[in-house]
Amino acid sequence: MTGLGGFVFPGIQTRVVFGRGTLASVGEELLALGHESALVLSTPHQLNQAEAVAGHLGKAAAGLFTQAAMHTPVDVTESAIEAFRKSGATCVVGIGGGSTVGLAKAIATRTGADQIVIPTTYAGSEMTDILGETTDGEKTTRRDASIRPEVVIYDVDLTLSLPVDMTVTSALNAIAHGIEGLYAADANPITDMMALDAMRAFKDALPDVVRDMNDAEARSKVLYGAWLCSTALGYVSMALHHKLCHVLGGSFGLPHADTHAIMLPHTAGFNAVAVPDKLAPVAEIFGGSVGGGLWDFAKAHGAPLRLADLGFSADDLDRAAEIATRNPYDNPRAFDRSDIRDLLEAAWEGTRPDN
Ligand code: NAD
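Residue numbering for the sequence shown follows our numbering, starting at -5 and increasing by one per position.
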């Protein structure tokens, strides 16, 4: 934090239950929210966890919808809403990563349903009022109060099954939210504090999780970091990093967490030149320069480093730079299309940033 000008802190609007075995509290949370039944949501891959939720809900489980998919396709949402209406439920319970949380949000904003979400990755959608959806391959993002979940249950035990490679990229995805939060035009001292404490938690605990994915204490610290970063993301605006990842995911089909992991050292290093004081603590936490330290941290934990390895072609660099600079948006450092092309090229090659 670099001095106290004026700021607005909107308060945190979501109830959070955090710990081990907290999944068992889902029935109690549903009742406390004033609902008698809920539709349970997941991806097909997490059917077992959805069934475990239904088991805890007992008679309050009105059914399962297990077709959540990456980037929240609107046709899937429409089928889910049909299932929701048929079930007679008034609440949805989503268990999974950002894809399932996205589906819960998409149902809630269209039907007025309340949401309880149970995140199992570190992507961090759960605390935000942001929803990205795709129709015919076009991804659009919006913010609205009706999108934000009412209750979030973090159960460390559910994250033990997250494979190590996804753990690392998902953690870098979370760190990206924290870093963009630090230089957001609407940042405040509370979100700054959360973002930096989160980065310390990731720096401390990620090596232990990579060594032993069942280390519950380390998993707990990492999930705590994810909660903090998600909260920061939920109350401030994002800038260049998110814009570039959105373009790479939306227009070129690159996978969400891997793209964030690869882009982060480059976008953070690029912006560090404009806001050295705001990002100095990041360099202190990770060592070296801002971008260089993050790149070293990513490499040490086996994260992908090159867009080329995700199938992104050098022939697409010009088009991606053009799409990313088509509309203006807030960023601490001014840029033009050639700056963005250079940044993307460095991420394509996977070079270590100097800044
Ligand atoms: P995801 O939800 O698609 O999960 C990836 C895969 O991992 C899925 O098959 C899932 O079932 C599986 N998985 C999840 N948790 C697991 C666990 N504990 N053990 C084993 N397998 C598990 O991926 P994600 O990275 O969490 O989310 C990406 C999506 O979230 C993107 O669509 C992105 O746009 C969105 N997102 C939105 C926001 C927001 O605020 N709106 C923030 C972050 C991410």
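Glycine included, C-beta positions come from ideal geometry on N, C-alpha and C.
Per-residue DSSP class, three states only, for residue i
| i | result |
| --- | --- |
| VAL34 | strand |
| THR8 | coil |
| ASP108 | strand |
| TYR177 | coil |
| ARG137 | strand |
| TYR218 | helix |
| GLU132 | strand |
| PHE329 | coil |
| ALA63 | coil |
| GLU127 | strand |
| ASP348 | coil |
| TYR323 | coil |
| TYR116 | coil |
| LEU27 | coil |
| ASP55 | This sequence places Ala at residue 55; Asp is not what is there. ALA55 falls in the strand class under three-state DSSP. |
| GLY13 | strand |
| VAL158 | helix |
| THR(-4) | Its pLDDT being 48, under 50, THR(-4) is placed unreliably by the model, and the measurement read from it follows with that caveat. THR(-4) falls in the coil class under three-state DSSP. |
| PHE1 | coil |
| VAL87 | strand |
| VAL230 | coil |
| ASP202 | helix |
| ASP209 | coil |
| VAL145 | strand |
| MET257 | helix |
| VAL70 | helix |
| LEU338 | helix |
| PRO249 | coil |
| SER19 | helix |
| ARG300 | coil |
| ASN182 | coil |
| ALA102 | helix |
| ALA77 | helix |
| MET187 | helix |
| MET121 | coil |
| HIS50 | helix |
| ALA268 | coil |
| GLU305 | Residue identity differs from the one stated: residue 305 is Gly in this sequence, not Glu. The answer is coil: DSSP assigns GLY305 none of H, G, I, E or B. |
| GLU343 | helix |
Cβ-Cβ distance between residue i and residue j below 7 Å
| i | j | result |
| --- | --- | --- |
| HIS50 | CYS85 | no |
| VAL284 | ALA262 | yes |
| ASP108 | LEU27 | yes |
| ILE334 | SER245 | no |
| LEU33 | PHE59 | yes |
| LEU338 | PHE264 | no |
| GLY344 | ARG300 | yes |
| ALA178 | SER231 | yes |
| ASP151 | ARG14 | yes |
| THR103 | ILE75 | no |
| ALA360 | ALA56 | Beyond the ends of the chain as shown, which are -5 and 349, falls residue 360; an answer cannot be given. |
| GLY243 | HIS250 | yes |
| LEU227 | LEU258 | no |
| ALA302 | TRP342 | yes |
| THR114 | GLY90 | yes |
| PHE196 | ALA165 | yes |
| ARG327 | THR319 | no |
| ARG213 | THR153 | yes |
| GLY286 | PRO201 | no |
| LYS237 | TYR323 | yes |
| LEU35 | THR94 | yes |
| HIS260 | ALA340 | yes |
Nearest-angstrom beta carbon gap, residue j and residue i [assumed within contact, 8 Å]
| i | j | result |
| --- | --- | --- |
| ALA297 | ALA255 | 5 Å |
| ALA117 | GLY88 | Actually they do not touch by this definition, with Cβ atoms about 13 Å apart. |
| VAL203 | VAL146 | About 21 Å separates the two Cβ atoms, so there is no contact after all. |
| PHE78 | THR37 | Between THR37 and PHE78 the Cβ distance is about 17 Å, and since that is not below 8 Å, they are no contact. |
| SER31 | ALA54 | 5 Å |
| ASN325 | ALA233 | 4 Å |
| ASP373 | ALA139 | Nothing about residue 373 can be reported from this structure: the residues present for the chain run from -5 to 349 only. |
| GLY131 | THR66 | The Cβ separation is near 13 Å, so there is no contact. |
| PRO183 | PHE1 | 7 Å |
| ASP252 | THR163 | 5 Å |
| THR161 | MET207 | 7 Å |
| LEU25 | VAL47 | In fact, because the Cβ distance is near 15 Å, the residues do not count as touching under 8 Å. |
| VAL267 | ASN349 | 6 Å |
| GLY21 | GLY(-1) | Not confirmed; about 45 Å, so no contact. |
| LEU41 | LEU176 | Not really, about 38 Å apart at Cβ, beyond 8 Å. |
Stretch-stretch touch, CB-based, cutoff 8 Å, three pairs: the segment 192 to 200 with the segment 213 to 229 | yes
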